[in-house]
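Chains as they are written, first to last, in my numbering: chain A, 17 to 226; chain B, 17 to 226. Beta carbons: idealized from backbone N, C-alpha and C, even for Gly. Nothing here was measured: the structure is a model prediction, and the numbers come from that model. Written out below as structure tokens is the structure these notes cover.
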DNA sequence: CTAATTTCTTGATTTTTGTCAAGAGCGAAA
DNA sequence: TTTCGCTCTTGACAAAAATCAAGAAATTAG
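Here it is, written out as structure tokens:
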């Protein structure tokens, strides 16, 4: 059983790579496509594991976003404050990569704050180390671009949902794909990310349960 | 005056590059950052000029998007049809690059239709030729990524506007930056891309003019 | 230039969503 | 356990936005 946790190389060196990192490998595979197994291990070795407690911030608006984080477990809320209220942009669950992309890439002050909604396990990579991936895995720059395009497309879809759907339709679409979130994070945040008030959310929810 | 139209190199070769292409060069510079002048000419030479008549389609939903187009003059409406109505996702004006990105990159059926709202001059590049840019200009892949990130950020902002603003606020924000569109394209399309009905748009407009 | 078509405006009305306020439910902490 | 704070729900009402319908204005086609 041991080598499931600490797999051995040909010459019996222990790879300093906890077993649960395998999940990160799997997600990288699924998001970025086929990468050589050795490369994958190199990439994953650049990530470091951290835990962030409920309520704590991974990033605050105005600070630089200097790392990319992968959610191993827990929930992160990405939001920004306006004069009147906080607006939740997204909630990251297991398997999501979370970042203020613009801040990370351009070294500008971040627009988003990122807060843990429960104790959350992360694997994070610094900007510096992230750059190394491109050197080690030449293919990476292309895979990264494809990943970006997929993210872009998701945002396009989300805009389309606001141009063409009612609050109730957005609710139904969201829960068709994110059923599990409903009982695990404060509903007010989901309401906000769907572009409605908590009261409207509550009423739609009641209607859908009936 | 001639060399404004056909600028001469040191050795008096005429660069086969119509004067108005310079504008495309300028936009590439401004979007993608500093590229060597020779490279820029190479890139621009891969584009071909076309004109598309009012009402004609550059792309239809379901077809492959096999080229990237730059708007030299005119207006393009990017939209998709739902059961009830057509939803305008964006209107491209002079200086915009227009594409169904997902279709172009992944060779999937395009989600958007693109139609000319007036006779429109375009510079287009095929997917095949676009790939060559990366070979000629090694830096291109990085510049392209930065451009993508900027586009991504714009979409994030747009989502935020739907999560946090009223129709009237979106109207005002839009016209702070796109005053010129108001008298040049059917207002119903602008209404749609801002996520409101033509009637609501008309009323807000009246209110703002008063 | 005129007729036809499309687009835009306006009013009346309905529907959707937001606001305000009160109370219920629930979990965390003393 | 009991209290405190936070979240969610509910009702009454207000505001925002959509719908429907008619007509005016603008544009296009003949």
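| query | result |
| --- | --- |
| Cα-Cα separation, residue 90 of chain A to residue 111 of chain A | 10 Å |
| Rounded C-alpha distance that separates residue 81 of chain A from residue 123 of chain A | 7 Å |
| is_contact[residue 201 of chain A, chain B] using C-beta, thresh 8 Å | no |
| Check whether residue 141 of chain A and residue 48 of chain A have beta carbons under 8 Å apart | no |
| The stretch 86-106 of chain B in contact with the stretch 150-167 of chain B per 3-pair CB rule at 8 Å | no |
| Alpha-carbon to alpha-carbon, residue 174 of chain B and residue 86 of chain B | 22 Å |
| Proximity below 8 Å, CB of residue 105 of chain B to CB of residue 176 of chain A | yes |
| Members of the stretch 72-85 of chain B near chain A, C-beta cut-off 8 Å | none |
| Rounded separation between residue 170 of chain A and residue 171 of chain B - CA only | 10 Å |
| Residue-level contact to chain A via CB, residue 109 of chain B, 8 Å cutoff | no |
| Paired residues, beta bridge with residue 94 of chain B - DSSP | B:106 and B:130 |
| Cβ-based burial, residue 52 of chain A [other Cβ within 10 Å; buried from 16] | exposed |
| Contacting residues, own chain, Cβ-Cβ under 6 Å from residue 59 of chain B (five flanking each side not counted) | 149 |
| Residue 224 of chain A to residue 202 of chain A span [Cα, whole Å] | 18 Å |
| Under 8 Å between C-beta atoms of residue 220 of chain B and residue 184 of chain B | yes |
| Counted within 10 angstroms of its Cβ, other Cβ atoms place residue 182 of chain B as buried (16 or more) or exposed | exposed |
| Cβ neighbour criterion (16 or more within 10 Å) applied to residue 192 of chain A | exposed |
| Residue span of the beta strand (DSSP E) that contains residue 88 of chain A, given as start and end | 83-89 |
| Beta carbon proximity, residue 162 of chain B to chain A, threshold 8 Å | yes |
| Proximal residues to residue 196 of chain A (C-beta, below 8 Å), its chain only, five neighbours per side dropped | 109 |
| Close beta carbons around residue 190 of chain B, own chain, < 7 Å, minus the five adjacent residues each side | 210 |
| Residues that residue 142 of chain A contacts on chain B, provided the C-beta gap is smaller than 9 Å | Those do not exist, as residue 142 of chain A stays about 18 Å from chain B at its closest Cβ, beyond 9 Å. |
| CA-to-CA distance, residue 159 of chain A to residue 147 of chain B, given in whole angstroms | 15 Å |
| Between the CA atoms of residue 222 of chain B and residue 98 of chain A - distance to the nearest angstrom | 27 Å |
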